[in-house]
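Residue numbers (our numbering): -2 to 110.
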């Protein structure tokens, strides 16, 4: 049975967050949490919180055992970006795009229900 959790509009670019997501895809949840806890990246902290939420959803809503869970799917999609302007020389302005992400984590115990 698969259980999901989402974090929407996270203030990190999808490119940076996908590096973290690729590192824990397919791992057992205990190993993934341990890996994320000691990974020195901002995206690791965000993915850790979403993974923790998915585990809590599996326990509370479905009654699944934590020791059997694996990270079955994890993906990071682009969210709408913030557009800002930075002042440049000679009265010009340059557009700065601040990218956001939607982080989705699905954990599964391997059974089909």
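All residues carry an ideal CB built from backbone N, CA and C; glycine is no exception.
Since we're looking at a predicted model, the values are computed, not measured.
Touch test, the stretch 81 to 94 against the stretch 44 to 52, Cβ-Cβ under 8 Å, three pairs minimum: no
Identified DSSP bridge partners for residue 93: Residue 93 sits at position 96 when you count from the first residue of the chain shown. DSSP lists 81 as partners of residue 93.
Stretch pair the stretch 65 to 73 + the stretch 93 to 104: three plus CB contacts closer than 8 Å: yes
Strand pairing of residue 103, partner residues [DSSP]: In the chain shown, residue 103 corresponds to position 106, counting from 1. Residue 103 is bridged to 1, 70.
Stretch pair the stretch 21 to 29 + the stretch 84 to 95: three plus CB contacts closer than 8 Å: no
Residues sharing a beta bridge with residue 76, DSSP: Here residue 76 refers to the residue found at position 79 when the chain shown is read from its first residue. Per DSSP, 97.
Rounded C-alpha distance that separates residue 3 from residue 17: Locating residue 3 in the chain shown gives position 6, counting from the first residue. Locating residue 17 in the chain shown gives position 20, counting from the first residue. Distance between the alpha carbons of residue 3 and residue 17: 15 Å.
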